[in-house]
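Numbering (the working numbering), first residue to last: 410 to 667. Backbone N, C-alpha and C fix where the C-beta goes; we use that ideal spot for every residue, glycine too. Here the structure is laid out as structure tokens; the discussion comes afterwards.
If you want it as structure tokens, here you go:
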């Protein structure tokens with residue numbers, strides 16, 4: 410391979426998820442970003458790094474880019490940066506916003522429950538392996554590119570391994586706290602209107618996602634987009650579903666930073 414493609418990869422699990430420690434109360438992506446920046450600069454002792462993420466990782470990576478002292482750039486495969494006051498302006502952007510709102514209305518019940526009453530949900534789930542499996546696998550089914558069939562996207566072992574991590578570590582409850590933490594952060598420490606990611610940002614846009622990327626024209630009003638890769642296949646869980654595509658995008662973006 411090319412030495413330019415070599416990385417030191419640090420992949421922390423989020424607080425409250427899997428084998429990571431459990432916080433005493435909900436914390437959100439902005440607080441987690443500060444913890445991860447400290448991990449990279451003060452613990453791992455790296456002078457700088459590139460943050461990468463999808464799902465909550467995209468929001469955390471965006472905040473690491475926004476205010477992390479060691480973050481050089483960010484690569485996102487979901488729109489994790491929502492800048493207050495930056496909305497659709499063109500007809501294309503408005504049409505996309507209407508379609509995205511409709512999609513979230515159909516798919517967003519889990520988000521509202523985990524944001525407002527995570528513990529109520531958790532008491533039922535912590536006592537029901539079948540419930541946890543249904544809750545999680547339904548997301549894989551709905552947010553992945555299943556045009557060639559669900560079992561073409563993931564093996565049963567991959568799905569069961571994902572479910573078992575929550576069950577074995579008994580972390581379903583604290584994993585839902587990130588949603589509540591995000592809400593509390595928005596109330597206590599909101600972003601200023603028009604807040605912008607000024608560091609270089611790479612975008613990997615996969616077509617089947619819960620939160621698909623808006624048109625590039627809208628994204629560029631709040632993000633310094635240095636690279637935009639649009640793929641024909643793949644969805645929300647790109648690192649698991651389309652790993653080669655995601656890695657190729659990260660590598661190409663990193664080369665541009667040299």
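Taking only beta-carbon positions, decide if residue i is within less than 7 Å of chain D.
i, result
"residue 563", "In summary, chain D is missing from the structure at hand, where a single protein chain is found."
Taking buried to mean at least 16 other C-beta atoms within 10 Å of its own C-beta, is residue i buried or exposed?
i, result
"residue 554", "buried"
"residue 623", "buried"
"residue 592", "exposed"
"residue 539", "exposed"
"residue 565", "exposed"
"residue 612", "buried"
"residue 518", "exposed"
"residue 471", "buried"
Just to confirm, is the Cβ distance from residue i to residue j under 7 Å?
i, j, result
"residue 589", "residue 493", "no"
"residue 473", "residue 620", "no"
"residue 545", "residue 427", "no"
"residue 442", "residue 459", "no"
"residue 414", "residue 660", "yes"
"residue 477", "residue 446", "yes"
"residue 606", "residue 571", "no"
"residue 484", "residue 596", "no"
"residue 439", "residue 594", "yes"
Assuming residue i and residue j make a contact with CB atoms under 8 Å, what is their CB distance in whole Å?
i, j, result
"residue 650", "residue 616", "Not quite, the Cβ-Cβ distance comes to about 12 Å (not below 8 Å), so this is no contact."
"residue 638", "residue 614", "7 Å"
"residue 423", "residue 465", "6 Å"
"residue 463", "residue 647", "6 Å"
"residue 610", "residue 482", "7 Å"
"residue 502", "residue 627", "5 Å"
"residue 644", "residue 618", "5 Å"
Go through its chain and collect everything with a Cβ distance to residue i's Cβ below 8 Å, but skip five positions before and after it.
i, result
"residue 586", "425, 432, 434, 435, 436 and 527"
"residue 599", "493"
"residue 603", "492, 493, 494, 495 and 631"
"residue 417", "455"
"residue 567", "649"
CB-CB under 7 Å to residue i, same chain, minus the five flanking residues each way: which ones, in chain order?
i, result
"residue 581", "531, 534, 535, 541 and 575"
"residue 630", "495"
"residue 551", "516"
"residue 562", "553, 554, 555 and 650"
"residue 668", "The chain is shown only over 410 to 667; residue 668 falls outside these bounds and no answer can be derived."
"residue 665", "635 and 636"
"residue 625", "634 and 637"
With a threshold of 6 Å on Cβ separation, who are the neighbours of residue i within its own chain once the five nearest residues in sequence on each side are excluded?
i, result
"residue 506", "497"
"residue 480", "460, 473 and 474"
"residue 584", "425 and 426"
"residue 608", "474 and 482"
"residue 449", "455, 458 and 479"
Looking at the unbroken alpha helix (DSSP H) that takes in residue i, where does it start and where does it end?
i, result
"residue 578", "565–578"
"residue 588", "586–597"
Taking the continuous beta strand (DSSP E) assigned at residue i, which residues delimit it?
i, result
"residue 447", "Premise fails: residue 447 lies in the alpha helix (DSSP H), 438–447, not in any beta strand (DSSP E)."
"residue 610", "606–614"
"residue 638", "632–639"
"residue 481", "480–485"
At a cut-off of 6 Å, is residue i close to the ligand SAM when judged by its beta-carbon and the heavy atoms of the ligand?
i, result
"residue 526", "In the structure on display, the ligand SAM does not appear, and there are no ligands present to speak of."
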